[in-house]
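In structure tokens:
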């Protein structure tokens with residue numbers, strides 16, 4: 001099968017693909033390491049707290065939270081259990097759906113997020129936005145939206 | 159501290175950052191899932207096999223392999239142990255450095271890579287390159303290289 005019909009990457013594409021892998025992985029690992037060091041939470045937990053903080057009543061159905069964070073239900077359940085142990089999130093049964101569950105941001109969770117946010121946002125600026133020109137930032141948004149739309153045409157856009 | 163001196167993201171930057179997170183995470187998860195399904199290996203293992211296949215004698219020092227894949231030594235050691243169990247990689251002591259170790263791609267490992275490559279490359283095309291115009295692919299390369307250079311000015315560029 002090898003070589004037959006396969007559209008192999010040419011050297012330029014290979015270079016682009018490897019640079020993208022290195023950049024995206026490196027950025028996520030750096031931000032994750034900094035959040036762990038400065039706020040005691042991985043980036044995935046930070047994102048859950050952000051989504052809850054933005055929701056009305058600081059609460060979201062678990063299914064909605066999974067969709068917003070492009071996360072699997074099982075991974076989200078694990079994270080929510082850990083966040084509940086920390087006292088940052090509380091899970092309640094859903095009043096309108098007996099099988100559903102709602103995650104609620106606690107006051108302690110809100111305070112943990114408020115303490116973590118300035119340092120994390122500064123990291124996103126330093127490692128991403130400060131490295132790019134305004135034109136490149138615009139290009140990155142259009143490229144990222146095209147890729148995200150392809151992977152999940154129904155994804156929420158906020 | 160909140161709000162004081164913090165350069166918060168404006169709505170456009172917020173949108174760019176979230177689209178980038180969704181796209182890069184979604185792309186890696188999709189490629190990883192497809193490689194697991196079609197070739198029985200995660201993307202991280204695939205990358206190790208690729209690097210070894212490109213090296214003279216299909217062998218690399220573990221330290222060099224870690225640098226090429228922007229991987230921590232401990233994560234690479236874990237992956238190498240699993241690849242050795244599969245019979246795809248063999249570890250040898252380094253002839254020029256008694257403390258060092260060399261990873262060698264076995265013939266079975268080469269065959270596993272050769273079997274996995276066409277489907278994986280097709281996935282990279284379908285989920286990345288086919289979604290972008292030639293200009294956007296060029297932009298993505300320059301953006302990724304700027305970010306990667308900032309995170310690791312000494313990174314290898316191939």
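Chains as they are written, first to last, in this note's numbering: chain A, 1 to 158; chain B, 159 to 316. We put the beta carbon where it would ideally sit given N, CA and C, even for glycine.
Closer than 7 Å by beta-carbon distance: list the chain B residues that pair up with residue i, in chain order.
i	result
residue 20(A)	298, 302
Would you please verify whether the beta carbon of residue i is less than 7 Å from any beta carbon of chain B?
i	result
residue 40(A)	no
residue 136(A)	yes
residue 96(A)	no
residue 106(A)	no
residue 63(A)	no
Are there 16 or more other CB atoms within 10 angstroms of the CB of residue i, so buried, or fewer, so exposed?
i	result
residue 18(A)	buried
residue 302(B)	buried
residue 95(A)	exposed
residue 205(B)	buried
residue 24(A)	buried
residue 71(A)	buried
residue 293(B)	exposed
residue 108(A)	exposed
In angstroms with no decimal places, state the Cα-to-Cα distance between residue i and residue j.
i	j	result
residue 161(B)	residue 129(A)	Its pLDDT being 48, under 50, residue 161(B) is placed unreliably by the model, and nothing is read from it.
residue 231(B)	residue 220(B)	8 Å
residue 216(B)	residue 203(B)	15 Å
residue 9(A)	residue 289(B)	15 Å
residue 21(A)	residue 85(A)	34 Å
residue 264(B)	residue 106(A)	53 Å
residue 239(B)	residue 281(B)	27 Å
residue 31(A)	residue 78(A)	21 Å
residue 33(A)	residue 185(B)	22 Å
residue 11(A)	residue 278(B)	17 Å
residue 271(B)	residue 259(B)	22 Å
residue 54(A)	residue 200(B)	34 Å
residue 214(B)	residue 52(A)	52 Å
residue 227(B)	residue 110(A)	37 Å
residue 98(A)	residue 283(B)	43 Å
residue 246(B)	residue 150(A)	34 Å
residue 195(B)	residue 164(B)	44 Å
residue 159(B)	residue 118(A)	Only weak support exists for where residue 159(B) lies, its pLDDT of 47 falling under 50; the value from the coordinates is given anyway. Straight-line Cα distance between these residues: approximately 8 Å.
residue 174(B)	residue 146(A)	12 Å
residue 83(A)	residue 241(B)	34 Å
residue 91(A)	residue 49(A)	13 Å
residue 233(B)	residue 311(B)	22 Å
residue 222(B)	residue 137(A)	33 Å
residue 291(B)	residue 133(A)	20 Å
residue 225(B)	residue 29(A)	15 Å
residue 127(A)	residue 285(B)	25 Å
residue 35(A)	residue 60(A)	23 Å
Can you pull the chain A residues whose beta carbon is under 9 Å from the beta carbon of residue i, in chain order?
i	result
residue 285(B)	147, 150, 151
residue 290(B)	143, 146, 147
Check the Cβ of residue i against every Cβ in chain B and list those closer than 9 Å, keeping chain order.
i	result
residue 155(A)	180, 184
residue 73(A)	Those do not exist, as residue 73(A) stays about 14 Å from chain B at its closest Cβ, beyond 9 Å.
residue 9(A)	279, 282, 283, 287
Please tell me whether residue i has its Cβ less than 7 Å away from any Cβ of chain A.
i	result
residue 279(B)	yes
residue 235(B)	no
Applying a beta-carbon distance threshold of less than 7 Å, which residues of chain A neighbour residue i?
i	result
residue 228(B)	22, 25, 26
Anything in chain A within Cβ reach of residue i, meaning under 8 Å, just list it in chain order.
i	result
residue 193(B)	What residue 193(B) touches in chain A: nothing, since even the nearest Cβ is about 14 Å away.
Between residue i and residue j, is the Cβ-Cβ spacing less than 7 Å?
i	j	result
residue 197(B)	residue 261(B)	no
residue 297(B)	residue 139(A)	yes
residue 155(A)	residue 148(A)	yes
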